[in-house]
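Colleague:
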Amino acid sequence: MSTDADNHGTNNQGLAGRVALVTGGARRIGAVVAEALHEAGAAVAVHYRGSAAEAEALVAQLNARRAGSALALQADLLDTPALPRLVARVTEAFGALDVLVNNASSFYPTPMGSITEQHWDELVGSNLKAPLFLSQAAAPWLRRRGGLIVNLVDVHARRPMARHPVYCAAKAGLEMLTYSLALELGPEVRVNGIAPGAILWPEAGVVETEKTATLAGIPLRRTGTPQDIAACVLYLAGPGAYVNGQVIAVDGGRHLGF
Numbered sequence: 015m016s017t018d019a020d021n022h023g024t025n026n027q028g029l030a031g032r033v034a035l036v037t038g039g040a041r042r043i044g045a046v047v048a049e050a051l052h053e054a055g056a057a058v059a060v061h062y063r064g065s066a067a068e069a070e071a072l073v074a075q076l077n078a079r080r081a082g083s084a085l086a087l088q089a090d091l092l093d094t095p096a097l098p099r100l101v102a103r104v105t106e107a108f109g110a111l112d113v114l115v116n117n118a119s120s121f122y123p124t125p126m127g128s129i130t131e132q133h134w135d136e137l138v139g140s141n142l143k144a145p146l147f148l149s150q151a152a153a154p155w156l157r158r159r160g161g162l163i164v165n166l167v168d169v170h171a172r173r174p175m176a177r178h179p180v181y182c183a184a185k186a187g188l189e190m191l192t193y194s195l196a197l198e199l200g201p202e203v204r205v206n207g208i209a210p211g212a213i214l215w216p217e218a219g220v221v222e223t224e225k226t227a228t229l230a231g232i233p234l235r236r237t238g239t240p241q242d243i244a245a246c247v248l249y250l251a252g253p254g255a256y257v258n259g260q261v262i263a264v265d266g267g268r269h270l271g272f
């Protein structure tokens, strides 16, 4: 982001005049991040794949607060040739792109003996390949105004999770991609990651014994909230202007050991 002092304050319009694209921004963590960036003054493009109703509802709410400040964009991030067009649709609408949040993610178990090439393509495609090629498409625009990329990594990029080898490998790749892009795109563009821990339980559900075991492995003994992730994004987009090439764990200390 810009190094102008006006963009580093704590007021809720610190990102006024800036433009953000949040992938997977219609629901869950992505929606909260999109709303927080908008509240901070940014124009926001909310990307979605299949959650059209949720995306349109969120954008309607944001535009009701500030007319013409939000846009819903559909795209399949596994369609690599479509990614430059997604960036183009943002810049055509708002004239710039300052913040890219690579939030969209596929998540499901792939126990050994059951893994297929489709599993690999979906999990690596959404968690690693799409962030790379979308960042590449966005980089020329981000360079123009001192932009920022934030990758949503995972505590399990470093601490493997049973029955999820493909997902964990993809997120580990995204962590290294974060470091590599920070080196590659500086000094104009900063690249950082956020590694959430237990923020929202998986939509498929988690049995109570697993929840209890997870919480027991978190020093704070509680889950976080999507607002915790959004607050970290806002920090990186504003006061954290000298933070680059970092993956910040927002996990209550879960990375310290299970």
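Counting from 1 along the sequence shown, just add 14 to a position and that's the residue number in the working numbering. Beta carbons: idealized from backbone N, C-alpha and C, even for Gly. What you are looking at is a predicted structure, and each value in this text was computed from that prediction instead of being measured.
In or out: Tyr181 buried (at least 16 other Cβ within 10 Å) or exposed?
Modeller: Tyr181 comes out buried.
Colleague: Say whether the segment 40 to 58 touches the segment 236 to 248, bearing in mind that this needs 3 or more beta-carbon pairs closer than 8 Å, one atom from each stretch.
Modeller: Yes, the segment 40 to 58 touches the segment 236 to 248.
Colleague: I'd like to check one pair, Glu189 with Val167: are the Cβ atoms closer than 9 Å?
Modeller: Yes. Within cutoff.
Colleague: Assuming Val101 and Leu111 form a contact by the criterion Cβ under 8 Å, report the distance between their Cβ atoms to the nearest whole angstrom.
Modeller: Going by Cβ atoms, the distance from Val101 to Leu111 rounds to 7 Å, so yes, they are a contact pair.
Colleague: Are the CB atoms of Asn117 and Ile213 within a distance shorter than 9 Å?
Modeller: Not in contact: Ile213 and Asn117 (Cβ atoms no closer than 9 Å).
Colleague: Please tell me whether Ala69 and Val58 are closer than 9 Å, where the distance is taken between their beta carbons.
Modeller: Not closer than 9 Å, so no.
Colleague: On the DSSP letters alone, give me the boundaries of the beta strand (DSSP E) that Val113 sits inside.
Modeller: Taken as a continuous stretch (DSSP letters only), the beta strand (DSSP E) holding Val113 covers Val113 to Asn116.
Colleague: What would DSSP say about Leu148, mapped onto helix, strand or coil?
Modeller: In this structure, Leu148 counts as helix in the three-state DSSP scheme.
Colleague: Please identify the residue among Val33, Ala71, Arg268 and Thr192 whose C-alpha is closest to the C-alpha of Gly207.
Modeller: The shortest C-alpha separation from Gly207 is found at Thr192.
Colleague: Could you say which of Val73, Pro125 and Pro145 lies nearest to Thr94 if we only look at CA atoms?
Modeller: The shortest C-alpha separation from Thr94 is found at Pro145.
Colleague: Contact check, Gly200 vs Asn141 under 8 Å by CB: the rounded distance?
Modeller: Contact flag wrong, Cβ pair sits at about 24 Å.
Colleague: Taking only the alpha-carbon atoms, compute the straight-line gap between Arg172 and Ala96 and give it to the nearest angstrom.
Modeller: In a straight line, the C-alpha of Arg172 is about 31 Å away from that of Ala96.
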